[in-house]
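Only one structure is covered here, and it is reproduced in the block below.
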Amino acid sequence: MSDWFRRQPKIGTSRLPNAPMPPLPMVPAPAAPVAPAAATAPAAWARSSTPTQLPANMQTTSARVVMQHFARSEVRHLGKREAELHAQVVAKLRGMYEFVNMTDAQLADVIKNMARALQSAQLTINFPTVGWFDRPNHYRVYKQMYERGDEVVTADDGARERIIKGNASNPAGTRDKVDAKVSFAPNVDTPGMQGVKRFMHTGNGELRGKSVLVSNAQFNSKARQIFAALNYGRRTGGCSTHYGPHYFVLKERFKHNAIYYMGDTFTPGMDHNSRVTYGFLPALILHATKDGLQDLINACYRSMTMQNTDRADLMVEAHIYDRIVFSEAVEEMVINRRKFHEDIRSQIYLAGRTDITEEQAVNNVKIFANVNRIRINWQDN
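Sequential numbering of the sequence shown, starting at 31, is according to the working numbering.
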């Protein structure tokens, strides 16, 4: 057998005539030197137009990391006071007629039962009909005021400024001032938390009408809390009908790292000392009004179902430091059927709108729920 694979390859010869070599490209003659253009002065600029100049998807990722770090750190920080708070709750209960003669063991059972009832309560967000379903709803993410109102505007002196835009019902300056007061304790200035504060704080809170100026160029408007509430009273209209007759029920996991307050944080006197964690929710009674305390006892000790209310002092506000993507975060959407149709009819017959019918509005609800995989619960009450 011939050892063909060890032979040297034969070098073939082309049968085509030799093609002429293409000429080499000529080096272009040097052009006359051009004087550099005169430098133009940059446009007046005062502040960053976007948080750290990152694209939107990176802002979202950065915000989630910052918020989770902040929430977990604060939950651990506040958890160190649990023994102290437990003693204060015992003292508060002993001051009430029905608990005055209970032993420490009996009071411990009362507190344990209240904690269980509060932890099992639904975490909800109320919303109105108009603005949500009088038109097709294409929202995929629930945005808080800071993200919705984040704009870059031109100031009177021509400088570009970044603001958080507010409105009459929710002035951004007031909201920002209150949120800083109730959210940021002195520990945010410690070395481990300064980076977090850098992304979450708007700056010095300078007002621009109903808006607030963002003087901190690194502020990320996505890195602020979502406002929800704990429906401890099992109210059929959600925690507070002031924000609308319908509500979303959020998934269980959002409860654990939320920060809770007894009452609306707009209430005078609220600050970072008003915060309560999921681990010891009975401490809410320390910050309750007389009626709020009675509601907590009735709902969480006597297992009563409370009437619908729009009173701020009877709600348990929850701050969620996470992104609320509807398809991932919402279990159920509870719609008050009567109020829904009343609101749509009001738009048709009183506001004179011709771009909506009741059937279309109901279809808007169904499409939104189907796209985001949310269960609809139509309530007849």
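No residue lacks a Cβ here, since even glycine has one placed at the ideal position from N, Cα and C. Predicted model only: the values in this text are computed from it and were never measured.
| Query | Result |
| --- | --- |
| Using CA coordinates, which residue listed in HIS116, VAL360, GLN152, ALA348 is at the minimum distance from ASP209? | ALA348 |
| Quick one: what does DSSP say PHE214 is sitting in, helix, strand or coil? | coil |
| Beta carbon of MET336, beta carbon of GLY239: below 9 Å? | no |
| Going by beta carbon distance, what residues of the same chain come within less than 7 Å of GLU112, once the five residues before and after it are set aside? | GLY309, PHE310 |
| Using only the alpha-carbon positions, how far apart do ASP294 and PHE284 sit? | 19 Å |
| Judging by CA-CA distance, which residue of MET292, TYR351, ASN338 is the nearest neighbour of LEU323? | MET292 |
| Rank SER150, ASN338, GLY222, ASN328 by C-alpha distance to the C-alpha of LYS281 and give the top, closest one. | SER150 |
| What residues are listed by DSSP as bridge partners for SER259? | Contrary to the premise, residue 259 reads as Ala rather than Ser in this sequence. According to DSSP, which records beta bridges pairwise, ALA259 is partnered with THR154, GLU347. |
| Would you mind giving the Cβ-Cβ distance between ALA258 and THR154, rounded to the nearest angstrom? I have them listed as a contact below 8 Å. | 6 Å |
| Suppose contacts are defined by Cβ-Cβ distances below 9 Å. Is PHE249 in contact with GLY233 by that definition? | yes |
| Is there a Cβ from chain B that is less than 9 Å from the Cβ of GLN248? | Structure shown: chain B not included; a single protein chain is present. |
| What's the C-alpha gap between GLN118 and GLY299? | 19 Å |
| Would GLU177 and ARG228 be called neighbours here (beta carbons separated by less than 9 Å)? | no |
| Apart from the five residues just before and just after ASN338, which ones in its own chain have a Cβ nearer than 7 Å to its Cβ? | ARG265, THR266, GLY267, THR271 |
| To the nearest whole angstrom, what separates the beta carbons of CYS269 and ASN156, a pair I think is in contact under 8 Å? | 6 Å |
| DSSP on HIS276, reduced to helix/strand/coil? | strand |
| When burial is assigned at 16 or more other CB atoms within 10 Å of the CB, is PRO275 buried or exposed? | buried |
| Cβ of GLU361 within 9 Å of Cβ of ARG405? | yes |
| For a test of the three-state rule: what should DSSP assign to MET126, helix, strand or coil? | coil |
| So what does DSSP say about GLN248, is it helix, strand or coil? | coil |
| Would you call VAL95 buried or exposed, if buried means 16 or more other Cβ atoms sit within 10 Å of its Cβ? | exposed |
| Can you list, in chain order, the residues of its chain whose CB lies under 6 Å from that of PHE129, leaving out five sequence neighbours each side? | LEU123 |
| Quick check on this structure: which residue in ILE289, PRO216, THR159 has the alpha carbon closest to the alpha carbon of ARG367? | THR159 |
| Can the beta-carbon of GLN136 be found closer than 9 Å to that of LEU260? | no |
| Output yes or no for whether 9 Å exceeds the beta carbon distance between PRO166 and ILE365. | no |
| Could you round the C-beta distance between GLU317 and SER304 to whole angstroms and report it? I think they count as a contact, below 8 Å. | Note on identity: in this sequence residue 317 is His, with Glu being the wrong assignment. Sure, about 5 Å apart at Cβ, within 8 Å. |
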